[in-house]
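K.L.:
Chains A and B are the protein sequences, given in the same order.
Residue numbers for the first sequence follow the UniProt record's numbering, so the first one is 1 and each next one is one higher.
Residue numbers for the second sequence follow the UniProt record's numbering, so the first one is 1 and each next one is one higher.
If you scroll down you'll find the structure; I have some questions about it.
There are 2 protein chains.
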Amino acid sequence: MADIDDRTLDPTRKGEPRGPDARRHVRTLADLARLAGVSAGTVSRALAGKTLVNVETRDRIQALARHHGFKPNQMASKLRTGRTGVIGVVIPLGQDRRGQISDPLFLRLLGHLADELAECGYDIMLSRAAPDGTADWLERISGSGMVDGIIVIGQSDQADVIEQVAHAYRPLVVWGQGRSGQTQCTVGTDNELGGRIAVEHLLASGARHLAFLGQTGAIEAAARYRGAAAAAQSAGAPFVHLPVDPAGEAMGPQIDRALAAADLPIEGIVAASDLVAMAALRILHERGRAVPGDVRIVGFDDLPFAAQTTPPLTTIRQEIAQGARALVERLKARIEGQPTRSLAMPPRIVVRQSTRS
Amino acid sequence: MADIDDRTLDPTRKGEPRGPDARRHVRTLADLARLAGVSAGTVSRALAGKTLVNVETRDRIQALARHHGFKPNQMASKLRTGRTGVIGVVIPLGQDRRGQISDPLFLRLLGHLADELAECGYDIMLSRAAPDGTADWLERISGSGMVDGIIVIGQSDQADVIEQVAHAYRPLVVWGQGRSGQTQCTVGTDNELGGRIAVEHLLASGARHLAFLGQTGAIEAAARYRGAAAAAQSAGAPFVHLPVDPAGEAMGPQIDRALAAADLPIEGIVAASDLVAMAALRILHERGRAVPGDVRIVGFDDLPFAAQTTPPLTTIRQEIAQGARALVERLKARIEGQPTRSLAMPPRIVVRQSTRS
DNA sequence: TAAAATATTGAAAAGGCTTCCGCGATGCTC
DNA sequence: GAGCATCGCGGAAGCCTTTTCAATATTTTA
Chain A
1 MADIDDRTLD PTRKGEPRGP DARRHVRTLA DLARLAGVSA GTVSRALAGK TLVNVETRDR
61 IQALARHHGF KPNQMASKLR TGRTGVIGVV IPLGQDRRGQ ISDPLFLRLL GHLADELAEC
121 GYDIMLSRAA PDGTADWLER ISGSGMVDGI IVIGQSDQAD VIEQVAHAYR PLVVWGQGRS
181 GQTQCTVGTD NELGGRIAVE HLLASGARHL AFLGQTGAIE AAARYRGAAA AAQSAGAPFV
241 HLPVDPAGEA MGPQIDRALA AADLPIEGIV AASDLVAMAA LRILHERGRA VPGDVRIVGF
301 DDLPFAAQTT PPLTTIRQEI AQGARALVER LKARIEGQPT RSLAMPPRIV VRQSTRS
Chain B
1 MADIDDRTLD PTRKGEPRGP DARRHVRTLA DLARLAGVSA GTVSRALAGK TLVNVETRDR
61 IQALARHHGF KPNQMASKLR TGRTGVIGVV IPLGQDRRGQ ISDPLFLRLL GHLADELAEC
121 GYDIMLSRAA PDGTADWLER ISGSGMVDGI IVIGQSDQAD VIEQVAHAYR PLVVWGQGRS
181 GQTQCTVGTD NELGGRIAVE HLLASGARHL AFLGQTGAIE AAARYRGAAA AAQSAGAPFV
241 HLPVDPAGEA MGPQIDRALA AADLPIEGIV AASDLVAMAA LRILHERGRA VPGDVRIVGF
301 DDLPFAAQTT PPLTTIRQEI AQGARALVER LKARIEGQPT RSLAMPPRIV VRQSTRS
């Protein structure tokens, strides 16, 4: 560990943390009001840009505030108005993944949400919640007046808890697989359709003996599997499930074993995610099976790296930018008390070399 | 777009949003105090778990609060105590990347920060800031009493602005490349050392004609290049710079051109990031150049997919989990007014097949 | 020119919580 | 049994804004 020269401790600035030239006496509206020779109320109105103040006093006060680097205390403001301007974004951690937000898709969705919410003036309060069996992880956020609304990214295994909270707390939207008859408003990809599209594409490209690679514990992966299996069945194509753990180090050997265990020579693979597909590409290459020559592979998500695999990966693309927009739009509607409908976005297949012969 | 059945609009719950059985009269401490037959102060102490209240009244009040689903209003609490329990995490967007947090390393670091901060009871306020030439994007957050401290992820091209704010606002730490003589406290990888390690590894594995692949606009990438170039020079090995754009769609063709343009047969490549390295692997494979046989490649970051490329990628690993811990630890120290030192973590090379002959 | 309307501003009341201060009541010491 | 420390709790001040409400000052209208 190399230490870098650091002059953080400036002895001349020991007591009060004050600005460059001691103009930091201004901490509250009242301070600024005194300086401007008006009342606190007027300052408040002026800084809020209200028209009820004389234009020139307003400009004068704003200039003064800028000069002193004064920003009204947000906590007081939020308390008074009852509006926080903050949206809680919470990612429930399933019991399997311990203490680490790992899903790259969620992370990217978060990035898009940050854009969308910033666009309409909201700040984001991020919580990675470790469900503990009760609904407390969610109610801690919804019930404390900290946020104006909540976006839950991924239900994990907490769909029931979320549903329960959604009954009493309206400004709440969820990214994930929707279920019919639910109260909560979900936005997500139609995973079942995605699985079907993948299988149909494989069949059309000439593959007949198919496999689904990856675990189906998550509700989304299960839907993908269902769709794929249904499509294979209706085409009369053989279809097996090869479960491998997407997170662990051992994914390589697992895929290896799974492929070896299949008693048919697999010709087409639907992977539960791009990362699984990528690992499969590598394993197959190492075993000397050509892609797409011997085996074709379809991934899921279309993360940025999917275009850079060897060979580039055909994949079922989730439109997360669009999803983020839909989530925010619905949340805003719900905050205003309007009704919303859940949305299952149809995925789109992006065909690259891994299925092109 | 398929619509899912949604019973969100329950006509029986039109007016006040109240809980299942109308026990939602409890909105404030005073309400609960009335119910419990004590004063508001006592309720406050009881819910805070203070020892100044009788154990049995405390338990009684806590049970009552739980039963009514009451959580103290955070805004009021924060206003009163002056402590927000919130850390601002801000990612400045350089002018090049327009409106999208894209760097997967930053996103992963964010995940680790979420873990670390949750650990010590902090919430995260996430801001993706679009710098506008002034320091306002940062002061908006630091100056408004919204957060107890700030973590900046990646300086982008705002190092000077950050430095300026750091003079007046102490609870601020930065992820990124440190510079000597700075006031701000940075934690980051020693990128220069990383570049050097990569080149030394390539040289040791027998490659002599080397190239650095990727742009050096970002301060971190520039340091990697510097280290690599210095190591190559001191070994007397030929070294060229092939700039390609890491973000755009056109990276493939760019790499193609860059490799074709080099007048020497490149034997070893240091990539600016894993994603660039991955694209290079693909291009080389398509052109029939064997990795590691003809060319060896070293990536940078060690993102999860680096282990799954074909062949698996040797890469300079950034210890971001450790980095997140260091950031939070330093931030806590600074919040308490203690001095801190910047930290440049030595990276570690992870050797995989892409450099193993 | 008087009356009414408008434009600005000040004073003060929330908003919900935390915490200092102080008062009874209880337990202890000698 | 008197004096003293402790305990448990109620009362009230204060955190800093926003937003009425009312009061002046300025115009406009009749």
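Each residue gets a CB set at the ideal place from its N, CA and C atoms; glycine is no exception.
Could you list which residues in chain A have their beta carbon closer than 7 Å to that of B/Pro92, in chain order?
P.N.:
If you number the second sequence from 1, residue 92 of chain B lands on position 92. Here the premise fails: no neighbours, minimum Cβ distance about 12 Å.
K.L.:
Does B/Arg296 come out as helix, strand or coil in the three-state DSSP assignment?
P.N.:
As a first step, residue 296 of chain B must be located in the second sequence, where it is residue number 296. B/Arg296: strand per DSSP, three-state reduction.
K.L.:
Locate the beta strand (DSSP E) running through B/His241, then write down its first and last residues.
P.N.:
Along the second sequence, one-based indexing puts residue 241 of chain B at 241. First-last of the beta strand (DSSP E) with B/His241: 239-242.
K.L.:
Thinking C-beta only, is A/Thr355 closer than 8 Å to A/Ser205?
P.N.:
As a position in the first sequence, residue 205 of chain A is number 205, starting the count at 1. As a position in the first sequence, residue 355 of chain A is number 355, starting the count at 1. It is a contact, given that the beta carbons lie within the stated cut-off.
K.L.:
Under a Cβ-count criterion, where at least 16 other Cβ atoms within 10 Å of its own Cβ denotes burial, should B/Leu52 be classed as buried or exposed?
P.N.:
Working through the second sequence from its first residue, we reach residue 52 of chain B at position 52. Under this definition B/Leu52 is an exposed residue.
K.L.:
Looking at the structure shown, is A/Asp302 part of a helix, part of a strand, or coil, going by DSSP?
P.N.:
Stepping through the first sequence from its first residue, residue 302 of chain A is reached at position 302. Coil, per DSSP.
K.L.:
Check whether chain B comes within 8 Å of A/Arg289, counting only Cβ atoms and requiring the distance to be less than that.
P.N.:
Taking the first residue of the first sequence as position 1, residue 289 of chain A is located at position 289. No, no contact with chain B.
K.L.:
In whole angstroms, what separates the C-alpha of B/Asp123 from that of A/Val174?
P.N.:
The count along the second sequence starts at 1 and reaches residue 123 of chain B at position 123. The count along the first sequence starts at 1 and reaches residue 174 of chain A at position 174. Straight-line Cα distance between these residues: approximately 20 Å.
K.L.:
What number of angstroms, rounded off, separates the C-alpha of A/Ile61 from the C-alpha of B/Ile87?
P.N.:
Along the first sequence, one-based indexing puts residue 61 of chain A at 61. Along the second sequence, one-based indexing puts residue 87 of chain B at 87. Approximately 30 Å between the Cα atoms of the pair.
K.L.:
Please give the ranges of any beta strand (DSSP E) in the stretch 109-184 of chain B, keeping only runs that are unbroken, at least 3 residues long and fully inside the region.
P.N.:
If we require 3 residues or more, the beta strand (DSSP E) runs fully inside the stretch 109-184 of chain B come out as 123-129, 149-153, 172-175.
K.L.:
Do three or more CB pairs link the stretch 157-166 of chain A to the stretch 315-334 of chain A at distances below 8 Å?
P.N.:
No, they do not touch.
K.L.:
Check this for me: beta carbons of A/Arg317 and A/Asp302, under 8 Å apart or not?
P.N.:
As a first step, residue 317 of chain A must be located in the first sequence, where it is residue number 317. As a first step, residue 302 of chain A must be located in the first sequence, where it is residue number 302. Yes, the Cβ-Cβ distance between A/Arg317 and A/Asp302 is below 8 Å.
K.L.:
Suppose contacts are defined by Cβ-Cβ distances below 8 Å. Is B/Val270 in contact with B/Val298 by that definition?
P.N.:
For the purposes of this step, residue 270 of chain B is identified with residue 270 of the second sequence, where counting begins at 1. For the purposes of this step, residue 298 of chain B is identified with residue 298 of the second sequence, where counting begins at 1. It is a contact, given that the beta carbons lie within the stated cut-off.
K.L.:
Any Cβ of chain B within less than 8 Å of the Cβ of A/Ser127?
P.N.:
On the first sequence, residue 127 of chain A is found 127 positions in, with the first residue counted as 1. Yes, contact with chain B.
K.L.:
What does B/Phe212 pair with, by DSSP beta-bridge criteria?
P.N.:
Here the question's residue 212 of chain B lines up with position 212 in the second sequence. DSSP, once it has assigned bridges, lists B/His241, B/Val270 as partnering B/Phe212.
K.L.:
Is the beta carbon of B/Ile150 less than 8 Å from the beta carbon of B/Ser142?
P.N.:
The residue you call residue 150 of chain B lines up with position 150 of the second sequence. The residue you call residue 142 of chain B lines up with position 142 of the second sequence. Yes, the pair counts as a contact, with Cβ atoms nearer than the cut-off.
K.L.:
Going by CA-CA distance only, name the one from B/Gly111, B/Ala280, B/Thr216, B/Leu327 that's closest to B/Ile266.
P.N.:
Position 266 of the second sequence holds residue 266 of chain B. Here the closest residue by C-alpha is B/Ala280.
K.L.:
Please determine, among B/Ala33, B/Ala48, B/Arg352, the residue with the shortest C-alpha to C-alpha distance to B/His201.
P.N.:
Taking the second sequence and counting its residues from 1, the one referred to as residue 201 of chain B is at position 201. Measuring from the Cα of B/His201, the nearest candidate turns out to be B/Arg352.
K.L.:
Mind the definition here: the stretch 132-139 of chain B touches the stretch 105-116 of chain B only if three or more C-beta pairs lie below 8 Å; say whether that holds.
P.N.:
Flag = no, the stretch 132-139 of chain B and the stretch 105-116 of chain B do not touch.
K.L.:
Identify which residue in A/Ala222, A/Asn73, A/Thr81, A/Val199 has its Cα closest to the Cα of B/Thr84.
P.N.:
Along the second sequence, one-based indexing puts residue 84 of chain B at 84. Checked all of A/Ala222, A/Asn73, A/Thr81, A/Val199; the closest Cα to B/Thr84 is A/Asn73.
K.L.:
Can you name the residues of chain B whose CB is closer than 9 Å to the CB of A/Leu275?
P.N.:
Looking up residue 275 of chain A in the first sequence gives position 275. Within chain B, the residues near A/Leu275 are Pro304, Phe305, Gln308.
K.L.:
Apart from the five residues on each side of it in sequence, which residues of its chain come closer than 6 Å, Cβ to Cβ, to residue 376 of chain A?
P.N.:
In the structure as shown, chain A starts at 1 and stops at 357, and residue 376 of chain A therefore has no counterpart that could be examined.
K.L.:
Relative to the alpha-carbon of A/Leu313, which residue among A/Phe239, A/Ser39, A/Ser127, A/Gly268 has its alpha-carbon at the smallest distance?
P.N.:
To locate residue 313 of chain A, count along the first sequence from 1; it is residue 313. Considering only alpha carbons, the answer is A/Gly268.
K.L.:
Should the stretch 212-228 of chain A be called in touch with the stretch 188-197 of chain A, which here means at least 3 C-beta pairs below 8 Å?
P.N.:
The stretch 212-228 of chain A, when compared against the stretch 188-197 of chain A, does touch it at the 8 Å Cβ threshold.
K.L.:
By the 9 Å beta-carbon criterion, what residues does the stretch 154-180 of chain A contribute toward chain B?
P.N.:
Answer in chain order: Ala166, His167, Ala168, Tyr169, Arg170, Gly178, Arg179, Ser180.
K.L.:
Alpha carbon to alpha carbon, what distance is there between A/Gly195 and A/Val177?
P.N.:
By one-based count along the first sequence, residue 177 of chain A stands at place 177. By one-based count along the first sequence, residue 195 of chain A stands at place 195. Sequence inspection shows Gln at residue 177 of chain A; the Val mentioned does not correspond to that position. Approximately 13 Å between the Cα atoms of the pair.
K.L.:
Please state whether DSSP places A/Ile310 in a helix, a strand or coil.
P.N.:
Taking the first residue of the first sequence as 1, we reach residue 310 of chain A at position 310. Note on residue identity: the sequence assigns Thr, not Ile, to residue 310 of chain A. Coil, per DSSP.
K.L.:
Apply the 10 Å Cβ neighbour rule to B/Gly82 and answer buried if 16 or more other Cβ atoms are within range, or exposed otherwise.
P.N.:
For the purposes of this step, residue 82 of chain B is taken as the residue at position 82 of the second sequence. Exposed, by the Cβ-count rule.
K.L.:
Should A/Ala229 and A/Phe239 be called a contact, given that it needs their Cβ atoms to be closer than 8 Å?
P.N.:
As a first step, residue 229 of chain A must be located in the first sequence, where it is residue number 229. As a first step, residue 239 of chain A must be located in the first sequence, where it is residue number 239. Taking 8 Å as the Cβ cut-off, A/Ala229 and A/Phe239 qualify as a contacting pair.
K.L.:
Please check if any C-beta of chain B sits within less than 8 Å of the C-beta of A/Thr84.
P.N.:
Numbered from its first residue, the first sequence carries residue 84 of chain A at position 84. Chain B contact via Cβ: present.
K.L.:
Short of 6 Å in beta carbon distance, which residues of its chain neighbour A/Phe305, apart from the five on each side in sequence? Order them along the chain.
P.N.:
As a first step, residue 305 of chain A is located in the first sequence; it is residue number 305 there, counting from the start. Closer than 6 Å at the Cβ level, and outside the excluded window around A/Phe305, lies no residue.
K.L.:
Which of the residues in the UniProt domain "HTH lacI-type" (27-81) of chain B, read from start to end, lie with their CB under 8 Å from any CB of chain A?
P.N.:
Those would be Gly69, Phe70, Lys71, Pro72, Asn73, Gln74, Met75, Ala76, Lys78, Leu79, in chain order.
K.L.:
Output yes or no for whether 8 Å exceeds the beta carbon distance between A/Leu242 and A/Leu213.
P.N.:
As a first step, residue 242 of chain A is located in the first sequence; it is residue number 242 there, counting from the start. As a first step, residue 213 of chain A is located in the first sequence; it is residue number 213 there, counting from the start. Contact: yes.
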